Every structure is written in C-alpha cells, then in structure tokens.
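Protein chains: 2
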Amino acid sequence: MARPSLREKLASSAVDTLHSFGLKGCSIQDITEAAGVPKGSFFNHFENKEDLAIDALRRYLEAARPDMLFDESVPPLERLKNHFSYLSERLLSLGYGRGCMLGLFAAEVGENQPKMREELRSIFDTWCGAVESVLREAQTKGEVDPRHDPGQMARFIVNAWEGATIRLKIERDRRPIDDFMNTAFKALLK
Amino acid sequence: MARPSLREKLASSAVDTLHSFGLKGCSIQDITEAAGVPKGSFFNHFENKEDLAIDALRRYLEAARPDMLFDESVPPLERLKNHFSYLSERLLSLGYGRGCMLGLFAAEVGENQPKMREELRSIFDTWCGAVESVLREAQTKGEVDPRHDPGQMARFIVNAWEGATIRLKIERDRRPIDDFMNTAFKALLK
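Shown next as structure tokens:
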C-alpha cells in the first residue's frame, strides 16, 4: 500500500510546485522536497520530470470542470461565460502569481520535449473543439452572430484567455481577466 | 576598443539565445558559448542573467518597429493592422519555435525577479497605451465602434496577441496568427 500512496503524494504536490515555478524553474529535488518524499523514490514512479509534468497537467485539467461546457441545461453563451468565469475565479484564488498552466508550459516547452508538446497540442485541440461546439449551438439559437467562423472564434478566444492569464503574472491585479471577460463576452460575442 | 565590441557581441547574440530557450532554459555559459565570448567576460558587462535579459528585451523591442504605430500618414485602423502584420511576419520568419519574447519572459518570470517583472509591466503599459491612442483616433474617424472602451480593447488585443504567439509554439503552423489577425480585425474591430 505504501507505493501508491507515495506516488499520489508526489503527483498531487507536483501540480502546485510545477504551476508555481514552471517546467524549468524547479528540479526533481525541488518537487520531491515540496512533496515531502525521498528524492530517490521519484524514479520508482515517473520516468522523468516531463512525465510527471504531463500527469500534473491532467490533474490540473480535471479540476477545471470541463463538464460545465457540456451542461445543456444552461443556454450556450451563458454556459461558455460560466466556464471562463469558473477558470478565472480558480486562478485568482491562487493569487496573481500564476497564469494558466497550459500557457505557462507552452511558453516553456522546448524542441527536446516532443511528448509535452504533443500533450499540449492535443489538450488545446480538445478544448477548442468543445468551445467551438458551444459557439455553433449559440449561433443556432441566435445568441451569436452567424457570420463568425466558430472554429476560428473558439481558437482565438482560448488563445486570448491564455494571453490574459500570462499578463496577470505581470500586472498582479485582476484587470487582464476582467478585460478578457468584458471584451470576449460584450464586444466580441454579442 | 575591445570591451565595447565584446559587450556588443554578447548582448546581440543573447537576444537570439534567450528568445530560443527562455530565461530559465539557458545558463550564462550557454549564452557566452553561443556568443563565442569567454564565460569569464560576462560579469565585466552585466550584473547577472536578468540584467542581460532586460537588455535583450530592449533590443528585441527596438526591432519591432514601434514607430509604425505613430505614422499618421496611414489611417489608424490600417496602421494598427500593419503593426500586428509586421510583428507576425517577423515572428514567422524565425520558424514556429518562438512566441513573442514578452509573453515568454512573462510566463517564466518568478517572484525573485522584480526587476524583470517591472520592466515587462512598463513595456506592456507603453505598448497598450500606444494601441489605445490608435484606437481612439480610429473611433474619432468612424473606423471603430465608438461604444468600445479603447483602453480595455487595447489591453485585450495585446494580451490576445501574446496568447496567439505562445500557441504558435505548440501548433507549429501559422494558424494561431491567422486566427488572431482575422478575428481581431474582422470580427472585433469592424
């Protein structure tokens, strides 16, 4: 029973450490120290830091309530707004020191990390696809201008969100998030 | 005469090394090796890596042709579009491996780098202020909906641009840039 529990301790603590310091800003030793597990135990559970970071990314996303985008009891545009409001409040609850983990890892990922890049590519594709579906539904219901290309609009919005959360780290106040919410949901999707 | 030339060699080469590998992805040794200067010479010219990175950021920005935003011979909305087109082509000419240096450094900057954070905050403020002025002028000339808050719109667009360039690193094709240009200049600013 000890091994799975040690793995869980390491993996769940790593979400926080990697989100705070980034892929390159913390070592395996920093991660095991923060988790309170022996450094030597790391390689019993993960191949390398990239492998652990992919696990951390999945845990981070599970907690992002992706199900909210599929809740058809809520009208599509309101559902999309609720989704980004939820992501906003979650990020702001951590202070202003962190952007979205996806954008942070994407900024850092190097040529020598094809596995992480592929993971990020796939996550962004899935997320943009879900946002696109909601936008299509909103267009059908007359909530969003039918002339917009929903795929392009979805990708633009997701990328704009990532940029806003990175700016948050510099501004250290909620303005980049408010600018995103107001512009995306008032000026763009009206 | 030797010292200024060594400094210049180091500083101009560092723009490329830091843009490729990020603040945390290269050491002082990596930077001096890429520049072909002795490692020991580094501290004759810069206090530390952060100090050199701030110099690199300024060089990067000078080459971004900020003057284009102030060229009143071009109508304001077209001028703004030309500005982002110029930034796009410049980034794409480097391949798909790099986002905008501002966003990359912003994603990486840590609590222990207040000087870099302050530099980025100031650069973003200046840039957003210039974009805001162009938007105000575009509103006066009837090119942009006067109901938009030009300050908020400027910050949103700049942050959306940063997010698009980070996505570029993951997608490895120009789509994030095209999504940005099309959505910002067709759907948003019409």
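Sequences listed follow chains R and W, in order. In terms of this note's numbering, the first sequence opens at residue 17 and continues consecutively. In terms of this note's numbering, the second sequence opens at residue 17 and continues consecutively. Don't be surprised by glycine CBs; every beta carbon is placed ideally from N, CA and C. Everything numeric in this text was worked out from a predicted model, so none of it was measured.
Isoleucine 70 (chain W) has a beta carbon lying at 8 Å or more from every beta carbon in chain R.
Look at the beta carbons and you see the segment 36 to 45 of chain R touching the segment 121 to 136 of chain W: at least three pairs across the two are nearer than 8 Å.
At a cut-off of 8 Å between beta carbons, glutamine 168 (chain R) contacts chain W. If you check the CB distance, tyrosine 102 (chain R) and arginine 81 (chain R) come in under 8 Å.
By the criterion of a C-beta distance shorter than 6 Å, glutamate 187 (chain R) is surrounded by no residue of its chain, once the five residues flanking it on both sides are discounted.
Ranked by Cα distance from serine 21 (chain R), the options R:Asp46, R:Ile47, R:Val53 and R:Thr33 are led by R:Val53. Think of a sphere of 9 Å around the beta carbon of valine 125 (chain W): the chain R residues whose beta carbon falls inside it are Lys185 and Ile186, in chain order. A straight line joining the alpha-carbon of lysine 206 (chain R) with that of aspartate 161 (chain R) spans about 7 Å. Around histidine 35 (chain R), no beta-carbon contact reaches into chain W at under 9 Å, the shortest distance being about 12 Å. The three-state reading of DSSP puts phenylalanine 62 (chain W) in coil, since its state is none of H, G, I, E or B.
Proximity of chain R to histidine 164 (chain W) at the Cβ level (cut-off 7 Å) is accounted for by Ala203, in chain order. Each of W:Lys65, W:Leu184, W:Ala50 and W:Leu93 was checked against the Cα of arginine 152 (chain W), and the nearest Cα belongs to W:Leu93.
Cβ-Cβ separation between glutamate 148 (chain R) and alanine 170 (chain R): approximately 4 Å, consistent with a contact (criterion under 8 Å).
The beta carbon of alanine 50 (chain R) does not come within 8 Å of any beta carbon belonging to chain W, so the residue lies off that interface.
Taking the beta carbon of proline 92 (chain R) as reference, no residue of chain W falls within 7 Å; the closest one sits roughly 18 Å away. Secondary structure of glycine 158 (chain W) (DSSP, three-state): coil. Excluding its 5 nearest sequence neighbours in each direction, methionine 132 (chain W) has C-beta neighbours in its own chain below 6 Å: Glu66 and Val125, listed in chain order. Secondary structure at glutamate 187 (chain W): helix, using DSSP grouped into helix, strand and coil. Counting other Cβ atoms within 10 Å of its Cβ, serine 104 (chain W) reaches 16 or more and is therefore classed as buried. At a cut-off of 8 Å, the C-beta of glycine 111 (chain R) has no neighbouring C-beta in chain W. One thing to note: isoleucine 139 (chain W) has its Cβ within 8 Å of the Cβ of leucine 118 (chain W).
In terms of Cα proximity to aspartate 195 (chain W), the closest of R:Asp194, R:Asp165, R:Asp189 and R:Arg183 is R:Asp165.
Taking the Cα of glutamine 168 (chain W) as reference, the smallest distance to any Cα among R:Leu96, R:Lys202, R:Gln45 and R:Ser57 is reached at R:Lys202. DSSP places aspartate 46 (chain W) inside the alpha helix (DSSP H), whose first and last residues are 44 to 51. With distances taken between CA atoms, glycine 115 (chain W) lies nearest to W:Asp32 out of W:Lys97, W:Met84 and W:Asp32. Taking CB atoms only, phenylalanine 140 (chain R) has a neighbour in chain W less than 8 Å away.
Annotation for valine 174 (chain W): Phe140, Trp143, Cys144 and Val147 place their beta carbon closer than 8 Å to its own, counting only its chain and skipping 5 residues before and after. The contact set of asparagine 175 (chain W) on chain R, defined by CB atoms closer than 8 Å, consists of Ala176, Gly179, Ala180, Ile182, Arg183, Pro192, Asp195 and Phe196 in chain order.
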